[in-house]
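First comes the structure, then the notes that go with it.
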Amino acid sequence: MTSQRQPEKGDRNTPNDAAAATADIGTPAPTRIPSESDETVVFTGLVTEPGGQAMTVAVYGYGTVSQRWRVAVVDFSTNGIISRNCELNLLKNVSQIKLIIKDVKCTGVVDLPTGGTAEDYEVWSPHEIPAKGDAPDNGCLLGMKEFFYRLKENAL
1 MTSQRQPEKG DRNTPNDAAA ATADIGTPAP TRIPSESDET VVFTGLVTEP
51 GGQAMTVAVY GYGTVSQRWR VAVVDFSTNG IISRNCELNL LKNVSQIKLI
101 IKDVKCTGVV DLPTGGTAED YEVWSPHEIP AKGDAPDNGC LLGMKEFFYR
151 LKENAL
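Per UniProt numbering, the sequence shown starts with residue 1, numbered consecutively.
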């Protein structure tokens, strides 16, 4: 009759030690997700509320290393980028827009801002092509020409 030897603690032939050794070899280390400061984020787009007047946007993109989406919410009303309120003299600018619309053969739409000075804004048409100059159809899209006030580049 042969007696079986009882495994002792630390014996390499114990079933538990063999399983632990296999687990150490076959289990990959957990992947660390890089922090925002560790990687470049490629800007993909931004989201605003359609028709909304809030000054908050969500900017999104993906990390070049982690390939995970990143989202940042930017609130222009509280982050110090806009440093003052604007005041707009509408009478002066409305007469300028009426002159522009009178020369256009399609319907004109004007979106007027609620604040600012005349120096802070410029009249802008999104579909206008500078190379076409003052052509009557320049800026028309589907029979309509839209005009907007937009902030000048260094207004605020």
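The beta carbon of each residue, even a glycine, is placed where N, CA and C say it ideally should be.
V42: buried (16+ other C-beta within 10 angstroms of its C-beta) or exposed?
Looking at its Cβ environment, which holds fewer than 16 other Cβ atoms inside 10 Å, V42 is exposed.
Who pairs with G63 in a beta bridge, going by DSSP?
In the DSSP assignment, G63 forms a beta bridge with V41.
With DSSP as the reference, label E146 as helix, strand or coil.
E146 falls in the strand class under three-state DSSP.
Taking 8 Å as the cut-off, decide whether the C-beta atoms of V71 and T56 are in contact.
With a cutoff of 8 Å on beta-carbon distance, V71 and T56 are scored as not near each other.
From N138 to L151, what does the alpha carbon distance come to, in whole angstroms?
22 Å
Whole-angstrom Cβ separation of Y60 and G45, contact assumed at under 8 Å?
That pair is a contact at about 6 Å.
Please name the residue in A54, G133, R68 and T48 whose C-alpha comes closest to that of D39.
According to the sequence provided, residue 39 is Glu. The question's Asp does not apply to it. For the residues A54, G133, R68 and T48, the minimum Cα distance to E39 belongs to R68.
Any idea what DSSP makes of E122, helix, strand or coil?
Note: E122 maps to strand in three-state DSSP.
Could you give the DSSP three-state label for A131: helix, strand or coil?
helix
Alpha carbon to alpha carbon, what distance is there between F148 and A155?
16 Å
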